[in-house]
Amino acid sequence: MHFPTYLLVSQLVSALVINQRDSRNRAAYFLDDNPNGSSIVSLKINPLDGTLSDPIRTYTGGEGLQGLFMSATPGVPATPGATDPLFSQDAVLVSQDYLFTVNTGSNTVSMFFIDKNAPWSPRLINTASSVGEFPMSIAYSPKLKTTCVLNGGAKAGVACFSTDHAKGLTPLGSFLPIALGQTTPPVGPPGTTSDIVFNPSETALFVTIKGDPPSPGFIYVYPVTSSGTISSAPKISNPSELVVDFSISFLGSDSRAVITDASYGAAIVDVADDWSVTVEKKIVVAGQGASCWGAYSQRFNTIFIMDAGHSNITLVDPESGDIKGFAVQNAAGMGSLDTAQDQTYLYTLKGSPSISVSDLSGLTHGAAPKEIQSLDLSALGERATWTGMAIYPSS
Ligand SMILES: *[C@@H]1O[C@H](CO)[C@@H](O)[C@H](O)[C@H]1NC(C)=O
Ligand SMILES: *[C@@H]1O[C@H](CO)[C@@H](O)[C@H](O)[C@H]1NC(C)=O
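Numbered per mature numbering (1 follows the signal peptide of the UniProt record, and there is no 0), the sequence shown spans residues -15 to -1, 1 to 380.
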């Protein structure tokens, strides 16, 4: 029976290839930005089905502080928000064998080493001053071996660090102030800093800042100079179509990105050679509450938009910017916040003390994502101080 044997061998080979890919140890992480002492919460990812288990806390060596939500009622003081303590995306970042995070209450940043044999136990290398106040989002360029942090408090702006596997983070260059007029902790969400990322070629550093409606927000772009340092002269854009600019995620090239706008959904933006940013298409999500977080998957050719006010996740076609569907989530999980995509799964920090895992494999043939797990983490304590979502290995 020559033919069936041949089939069996080829199936065996493809199974081995799949197993080889899947057998790498994987972990998911978020930050508990806790005034009593912050920690990274790590979870094991099951290599066979993508589900999460075994939360472990690793202290960051710093303390958390929550941003204050302004009240709609005059005279009522601002209070810490329910589920979004930093008004940010990328409070936790994994790149290569490193994990980076922020300590808003200590004005420091932390760098960890991730051991590929036990990625759920990151090891703190060092903490360094964030130079400003209320560090709330962090970026890393492997090419430049440079980490940069965005501070969103009374002393707002960007600080960068040389990054070394043994010495950790060492201050690099001068502080790049941003005239934000904020306090520590900041009062928002309008008028607060949002996200900091390098573009895919690591030739520029992008910062998003929320406007104060109806005034538009800002995108600061700091080019990398020919000597590999971050320019102190940003190109600043404030397209009128973006008001509450939140997360920024590049769409596979340096020239296009998606920026979420908490006031209506998101926009696809174009980045010109002179680093100016213009809106190509507004993506209006009907009935949205606060579309603050975004993720892009090249593999599934999809942009994901997460809304703190709704459980369902909006799926957008990255070429046309058209909404093509929803990842339906159990409403009991509440809103959807920071999200990371890994292999065929989507990991979403929820408004309830839980993480939702969705299987995306149907997307390649037009079927909707399926929620396969809602991991209850209420035993870890208060949800209000949790933020960020990152995966090892990073894609
Ligand atoms: C901090 O500790 C106090 C006292 O133990 C506790 O009441 C509070 O819930 C803790 N805060 C957080 C965010 O865990
Ligand atoms: C989520 O999607 C499901 C299925 O389309 C729908 O029944 C539900 O109302 C949606 N939930 C929200 C909060 O929009």
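No residue lacks a Cβ here, since even glycine has one placed at the ideal position from N, Cα and C. Quick caveat, the model's predicted, so the values are computed rather than measured.
How is Ser379 classed by DSSP in three states: helix, strand or coil?
Here residue 379 refers to the residue found at position 394 when the sequence shown is read from its first residue. In this structure, Ser379 counts as coil in the three-state DSSP scheme.
Please state whether DSSP places Ile3 in a helix, a strand or coil.
For the purposes of this step, residue 3 is taken as residue 18 along the sequence shown, with counting starting at 1. Residue placement at Ile3 is flagged as unreliable, the pLDDT there being 45, under the threshold of 50; the coordinate-derived value follows with that caveat. Reduced to three states, the DSSP call for Ile3 is helix.
In the DSSP assignment, the beta strand (DSSP E) including Leu190 goes from what residue to what residue?
Against the sequence shown, residue 190 aligns to sequence position 205. Taken as a continuous stretch (DSSP letters only), the beta strand (DSSP E) holding Leu190 covers 189 to 194.
In the region 138 to 183, which residue ranges form an unbroken alpha helix (DSSP H) of at least 4 residues, counting only runs that do not cross its ends?
none
Completely contained beta strand (DSSP E) runs for the region 240 to 273, where each covers 3 or more residues:
241 to 246, 250 to 256, 262 to 269
Please name the residue, chosen from Gly22, Gly336, Phe15, that lies closest to Leu28 on a Cα-to-Cα basis.
Along the sequence shown, read from residue 1 onward, the residue named residue 28 stands at position 43. Considering only alpha carbons, the answer is Phe15.
Are Val269 and Ile253 touching if we call contact CB-CB under 9 Å?
The residue given as residue 269 occupies position 284 in the sequence shown. The residue given as residue 253 occupies position 268 in the sequence shown. No, they are not a contact pair.
Is the separation between the beta-carbon of Thr64 and that of Ser56 shorter than 9 Å?
Stepping through the sequence shown from its first residue, residue 64 is reached at position 79. Stepping through the sequence shown from its first residue, residue 56 is reached at position 71. Against a cut-off of 9 Å, the Cβ pair of Ser56 and Thr64 comes out as a contact.
Backbone secondary structure at Ala316 - three-state DSSP
Counted from its first residue, the sequence shown places residue 316 at position 331. The answer is helix: DSSP assigns Ala316 an H, G or I state.
Simplified DSSP state of Thr58, which is helix, strand or coil:
The residue labelled residue 58 in the question sits at position 73 within the sequence shown. Thr58: coil per DSSP, three-state reduction.
Out of curiosity, what's the CA-to-CA distance linking Thr168 and Gly138?
Here the question's residue 168 lines up with position 183 in the sequence shown. Here the question's residue 138 lines up with position 153 in the sequence shown. So the two alpha carbons sit approximately 5 Å from each other.
So which residues put a beta carbon under 6 Å from any heavy atom of ligand 2, going in chain order?
His295, Ser296, Asn297, Phe311, Val313, Ala316
Using a threshold of 9 Å, state whether the C-beta atoms of Tyr125 and Tyr83 are closer than that.
Within the sequence shown, the letter at position 140 stands for residue 125. Within the sequence shown, the letter at position 98 stands for residue 83. Contact: yes.
Distance check for Ser240 and Ala257, CA to CA, integer angstroms please.
By 1-based counting over the sequence shown, the position of residue 257 is 272. By 1-based counting over the sequence shown, the position of residue 240 is 255. One C-alpha to the other measures close to 7 Å.
Under the DSSP definition of a beta bridge, which residues are partnered with Val228?
What you label residue 228 is simply residue 243 of the sequence shown in a count that begins at 1. Partner(s): none; Val228 has no beta bridge.
Using a threshold of 9 Å, state whether the C-beta atoms of Met121 and Thr58 are closer than that.
Numbered from its first residue, the sequence shown carries residue 121 at position 136. Numbered from its first residue, the sequence shown carries residue 58 at position 73. Not a contact, by the Cβ cut-off of 9 Å.
In angstroms with no decimal places, state the Cα-to-Cα distance between Ala189 and Ser337.
By one-based count along the sequence shown, residue 189 stands at place 204. By one-based count along the sequence shown, residue 337 stands at place 352. Distance between the alpha carbons of Ala189 and Ser337: 36 Å.
Suppose you measure from the CA of Leu129 to the CA of Pro62; what does that come to, to the nearest Å?
Within the sequence shown, the letter at position 144 stands for residue 129. Within the sequence shown, the letter at position 77 stands for residue 62. When rounded, the distance between both Cα atoms is 43 Å.
Could you tell me if Asp173 is buried or exposed, where buried requires 16 or more neighbouring beta carbons within 10 angstroms of its beta carbon?
Taking the sequence shown and counting its residues from 1, one reaches residue 173 at position 188. The sequence as given places Gly at residue 173; Asp does not occur at that position. That one is buried.
Is the separation between the beta-carbon of Ala312 and that of Ser276 shorter than 9 Å?
Counting from one through the sequence shown, the residue named residue 312 turns up at place 327. Counting from one through the sequence shown, the residue named residue 276 turns up at place 291. Result no, Cβ atoms of Ala312 and Ser276 do not sit closer than 9 Å.
Is it buried or exposed, Pro127, if we count other Cβ atoms within 10 angstroms and call 16 or more buried?
To locate residue 127, count along the sequence shown from 1; it is residue 142. Exposed, by the Cβ-count rule.
When you compare only the Cα positions, how much space is there between Ser114 and Gly213?
Within the sequence shown, numbered from 1, the residue matching residue 114 stands at position 129. Within the sequence shown, numbered from 1, the residue matching residue 213 stands at position 228. Each residue's alpha carbon lies about 22 Å from the other.
Which residue wins for smallest C-alpha separation from Pro224, given the options Ile99, Asn286, Gly237, Phe203?
Here residue 224 refers to the residue found at position 239 when the sequence shown is read from its first residue. Pro224 has its Cα closest to that of Phe203, out of Ile99, Asn286, Gly237, Phe203.
Assign Arg368 to one of three DSSP states: helix, strand, or coil.
Here residue 368 refers to the residue found at position 383 when the sequence shown is read from its first residue. Three-state result, Arg368: helix.
Test item: CB-CB of Ser341 and Leu360 under 9 Å
Here the question's residue 341 lines up with position 356 in the sequence shown. Here the question's residue 360 lines up with position 375 in the sequence shown. Closer than 9 Å, so yes.
8 Å contact criterion, which Leu165 and Ser217 should meet: CB distance rounded:
Along the sequence shown, read from residue 1 onward, the residue named residue 165 stands at position 180. Along the sequence shown, read from residue 1 onward, the residue named residue 217 stands at position 232. 17 Å between Cβ atoms; not a contact.
Let me confirm a value: Lys335 is counted as buried when at least 16 other C-beta atoms fall within 10 Å, else exposed. Which label applies?
Reading the sequence shown from its first residue, position 350 is the one you call residue 335. It counts as buried.
Which of the three DSSP states, helix, strand or coil, is assigned to Gly347?
Numbered from 1 along the sequence shown, position 362 holds the residue referred to as residue 347. In this structure, Gly347 counts as helix in the three-state DSSP scheme.
Exposure of Gln273, with buried meaning 16 or more beta-carbon neighbours within 10 Å
Locating residue 273 in the sequence shown gives position 288, where the first residue counts as 1. The residue is buried, with at least 16 neighbouring Cβ atoms inside 10 Å.
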